[in-house]
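Trainee: All the letters of the sequence shown, read from the start, carry residue numbers 0 to 75 under numbering that gives the first Met the number 0. Note that CB positions come from ideal geometry on N, CA and C, so glycine has one too. Given the structure is predicted, the values throughout are model-derived calculations rather than measurements. Questions regarding the structure given below will be posed in turn.
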Amino acid sequence: MNLMVFTADFTQFRVGDTVPPLYLTPEYTIKQWQQRNLPAPDAGTHYTYMGGSYVLITDTEGKIVKIYDGEIFYQH
C-alpha cells in the first residue's frame with residue numbers, strides 16, 4: 000500500500016522530503032527488495048526502511064520518491 004506520510008526518528012516525512020544522511024549509507028540500503036514484494040526501484044533510487052515503512056529515495060540526495068507500508072508479506 001502506498002503512503003503519503005510516515006513518522007520516523009520523531010519526525011514526520013512526506014513524499015518530496017529529504018531523509019537524514021544516515022539512510023543513504025550501505026547499512027540502510029535494502030538490496031533484496033524482491034523478497035519484500037516491493038516494485039523494482041527506478042534507476043538512481045534505492046529502498047531504505049524508516050519508522051516501519053519502506054521508503055524509495057534518490058541515491059544522491061535522499062529525496063523521498065515513494066513510501067510503502069511496512070506490512071508487506073514475504074513469499075516463502
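Kindly indicate the opening and closing residues of the beta strand (DSSP E) around D68.
Mentor: That run of the beta strand (DSSP E) goes I63 to D68.
Trainee: Looking at the structure shown, is H75 part of a helix, part of a strand, or coil, going by DSSP?
Mentor: Here the model assigns H75 a pLDDT of 48, short of 50, so the residue's position is not dependable, and the following value carries that caveat. Of the three classes helix, strand and coil, the one that applies to H75 here is coil, per DSSP.
Trainee: Drop a sphere of 10 angstroms on the beta-carbon of T59, count the other beta-carbons inside from all chains shown, and report buried for 16 or more, exposed for fewer.
Mentor: That one is exposed.
Trainee: Helix, strand or coil: which one does DSSP assign to L2?
Mentor: Strand, per DSSP.
Trainee: Once DSSP output is grouped into helix, strand and coil, what is the label at Q31?
Mentor: Three-state DSSP puts Q31 in coil, outside helix and strand.
Trainee: Residues in its own chain within less than 7 Å of T57 by CB, not counting five upstream and five downstream?
Mentor: Closer than 7 Å at Cβ, skipping near neighbours: G43, T44 and V64.
Trainee: Check the C-beta distance from T47 over to Y27 and give it rounded, since I have them as a contact under 8 Å.
Mentor: That pair is a contact at about 5 Å.
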